[in-house]
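In my numbering, the protein residues as written are 692 to 749.
All C-beta atoms in this analysis are idealised placements derived from N, C-alpha and C, irrespective of residue type, glycine included.
Note that this is a predicted model, so its numbers are computed, not measured.
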Amino acid sequence: VDLSVIIPSYRAPRLLQQALRSLADDVAQLTVEVIVVDDGSPDYDANDLAGLSGRWPL
Numbered sequence: 692v693d694l695s696v697i698i699p700s701y702r703a704p705r706l707l708q709q710a711l712r713s714l715a716d717d718v719a720q721l722t723v724e725v726i727v728v729d730d731g732s733p734d735y736d737a738n739d740l741a742g743l744s745g746r747w748p749l
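This is the structure we're talking about:
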């Protein structure tokens, strides 16, 4: 792993998706570990990040 990124997130699934896409574009040549921390946000479900699984192994 070249870079580890921790993203705290609460009630902002679209913003999280945008941040992850931007990160993927910026660090395309690196092996990146991304840790998303959510403390029980009612706005998330498993489908919110499913669209990113092709780019990021979940």
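Go to residue i, then tell me how far its alpha helix (DSSP H) extends in each direction, as first and last residue.
i, result
"L707", "P704 to D717"
Less than 8 Å between the C-beta atoms of residue i and residue j, yes or no?
i, j, result
"D729", "S695", "no"
"L707", "V723", "no"
"L711", "V692", "no"
"R702", "S732", "yes"
At what residues does the beta strand (DSSP E) containing residue i begin and finish?
i, result
"L694", "L694 to P699"
Give every residue of the same chain whose Cβ lies closer than 8 Å to the Cβ of residue i, excluding the five residues on either side of it in the sequence, and list them in chain order.
i, result
"I698", "L707, A710, L711, V725, I726, V727 and V728"
"D734", "R702, A703 and P704"
Short of 6 Å in beta carbon distance, which residues of its chain neighbour residue i, apart from the five on each side in sequence? Order them along the chain.
i, result
"L721", "D693 and L694"
Enumerate in chain order the residues of its own chain whose CB-to-CB distance from residue i is below 7 Å, with the five nearest sequence positions on each side excluded.
i, result
"V718", "L694"
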